[in-house]
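Since the structure comes first, as structure tokens, the remarks are kept for the end.
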Amino acid sequence: MSYNVNDYSKGRYLIYSDVVTDRDFEITEKLIEKLGKGNALAFYAKAFWINRKKLTLKRIIFNLKNKLSNR
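Just so we're aligned: the sequence shown equals residues 1 to 71 in my numbering.
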């Protein structure tokens, strides 16, 4: 993916590996925290959807047993 910047300003662009935002706003720690973290629920939903054919009850039980035994 490429993004052409006409007027580059360090105070205007926030660039992450998957997001480029271009807005008139002040960059604060709170904003960086918000844009820098992904949504955990969305991540798990996407991972579940991608692997839906690989997930079986037998495999889920096997993984849970391993997690509990390694505690």
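Cβ coordinates follow ideal geometry from the N, Cα and C atoms, glycine included.
Return the CA-CA distance between Tyr60 and Leu35, expressed in angstroms with no decimal places. Before going on, a small fix: residue 60 reads as Ile here, not Tyr. Distance between the alpha carbons of Ile60 and Leu35: 32 Å.
Taking the CB atoms as reference points, tell me whether Phe62 and Leu55 lie closer together than 9 Å. Contact flag unset, no.
Asn70: first and last residue of the uninterrupted alpha helix (DSSP H) it sits in: Segment: none, Asn70 is in no alpha helix (DSSP H) and carries neither H nor E.
Just the Cα atoms here: how many angstroms apart are Glu26 and Gly38? Answer to the nearest angstrom: the Cα atoms are 21 Å apart.
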